[in-house]
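Numbering (full-length UniProt numbering), first residue to last: 1 to 478.
Here is the structure we will look at.
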């Protein structure tokens, strides 16, 4: 395709927040002056405020216009090129074979205009963005790039089948093809299948029965009760306001962000769509998932909800609207099983606590001298496919790492552990939410586990390079 510019409304979408902030600040100063009695006459004050807003709008609009005018991009069969030549010249060239994930973000103002931002992650560096495109173009380019990037990744395993594309119809392979299905409310193609859909009831429960929201409510209650009991009511207002701000932050972070969360199976792997005000569509590159962690906070035990996070190799996720590590923000045990099965086909994770797919064992009894309160909550286990560690007195977590994804292993023994004959075994994966360690094992068991795990990792990687499905694999004949 030929070079083209982003949508002409891009400067408006970029600048409206600055303009709104200036208008709010000016009006606030105006009202403060009226309350103190030393303000200008109302008409003159309003004219000054209007003049400030118009001046800022002209400056912002001029800068935005020249930024838009000097920005061009091109997407072809080999690379994505983005040129910016306003004040500082830059040219980003992204080979399709290096693309890790392609996400579409639609902030509220952009959704009103029918626009979206294309977020391209190439791993190891800051993600690149093209903003803003029409919604149809953003969907079409996303499908084209993910299809090509996924095809390149599948070619690494010689003769290997592409499991993510099994049963799926590929997206259009040229950016100039027909528009993919999708709207301002949902991003879904006809050929995609729903894996998990989080209901509004679950999102509301997950938000208002969370540890963060519970702490905020407790903070408000204490802020009201304690000062009144002590006769210092003046302290109540700032404490209550702090609790209200904390509660608002929890609502914005969870309820608004994950509203109508849907996990879809697509040609490029998995696709998550969510958001109340900002609609975010992000791809999950299945072959780059290094491990998962299933969590259940204390209050979620009342509702039977869990969350699933993943560590994805090379995904930077610098955009605040994109949470690359979340596979399922909240869901039932059955939904967790469906989500994990879509990530690793053929891998069944138990639907009962502590959600472990393998037999689990406890740490030794003499470890009670180091973990006297929560020793019983530490369990671990492994089979020919994965290693699993479970822990948590208040917040339960189950970490699962396939042997083929372990980068290194470690045996650590502190002074007290040496005296008690204990050691901690850890499996290292790239940076992310997954942290797997088996603390306070018997030293001889930990040492044997370290040596055996090295052999398991080597065998699992050989099988995967031979064309097995990515993720947990079992040896032939097992």
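Every residue, glycine too, gets a C-beta built ideally from N, C-alpha and C.
Worksheet item: Can you tell me where the beta strand (DSSP E) with residue 296 in it begins and where it stops?
Response: 289-296
Discussion item. Checking 9 Å against the spacing of the C-beta atoms, do residue 120 and residue 101 come in under that value?
Written reply: yes
Worksheet item: Are the beta-carbon atoms belonging to residue 428 and residue 410 less than 9 Å from one another?
Response: yes
Worksheet item: What three-state label does DSSP hand residue 18 in the structure shown?
Response: helix
Worksheet entry | C-beta contact flag for residue 258 and residue 195 at 9 Å | no
Worksheet entry | Three-state secondary structure (DSSP) of residue 132 | strand
Worksheet entry | Cut-off 7 Å between Cβ atoms - residues of its own chain near residue 256, not counting five sequence neighbours on either side | 276 and 277
Worksheet entry | Helix, strand or coil at residue 305 [DSSP, three-state] | coil
Worksheet item: Could you check where the alpha helix (DSSP H) with residue 464 kicks off and where it finishes?
Response: 443-465
Practice prompt. Just mark residue 135 as buried or exposed, buried being the case when its beta carbon has 16 or more other beta carbons within 10 Å.
Written response: buried
Worksheet item: Is the segment 220-227 touching the segment 291-311 in the sense that three or more CB pairs, one from each, lie closer than 8 Å?
Response: no
Worksheet item: Could you give the uninterrupted runs of the beta strand (DSSP E) lying entirely in the segment 238-279, keeping only those of 3 residues or more?
Response: 262-266 and 269-274
Discussion item. Using 8 Å for Cβ pairs, my map puts residue 5 next to residue 62. What's the rounded Cβ distance?
Written reply: The pair is not a contact, with the Cβ atoms about 17 Å apart (cut-off 8 Å).
Practice prompt. Report the option in 10, 65 and 18 whose CA atom is closest to the CA atom of residue 110.
Written response: 10
Worksheet item: DSSP state of residue 142, grouped into three classes?
Response: helix
Fill in: Local Cβ density within 10 Å of residue 106, reported as buried at 16 or more and exposed below that
buried
Discussion item. Let me check understanding here. Comparing Cα to Cα, which of 346, 8, 215 and 272 lies closest to residue 385?
Written reply: 346
Worksheet item: How many Å lie between residue 99 and residue 417 at the Cα?
Response: 45 Å
Discussion item. Measuring alpha carbon to alpha carbon, tell me which residue in 190, 81, 44 and 359 is nearest residue 264.
Written reply: 190
Discussion item. Whole angstroms are fine: how far does the CA of residue 324 sit from the CA of residue 199?
Written reply: 21 Å
Worksheet item: Could you check where the alpha helix (DSSP H) with residue 202 kicks off and where it finishes?
Response: 200-208
Fill in: Stretch-stretch touch, CB-based, cutoff 8 Å, three pairs: the segment 79-97 with the segment 12-25
no
Fill in: Between the CA atoms of residue 143 and residue 239 - distance to the nearest angstrom
49 Å
Worksheet item: In chain order, what residues of the same chain lie with their CB nearer than 7 Å to the CB of residue 442, ignoring the 5 residues before and after it?
Response: 364, 421 and 422
Worksheet item: With residue 430 and residue 313 assumed to form a contact (beta carbons below 8 Å), what rounded beta-carbon distance in angstroms separates them?
Response: 5 Å
Worksheet item: Which residues does DSSP pair with residue 409 in a beta bridge?
Response: 427
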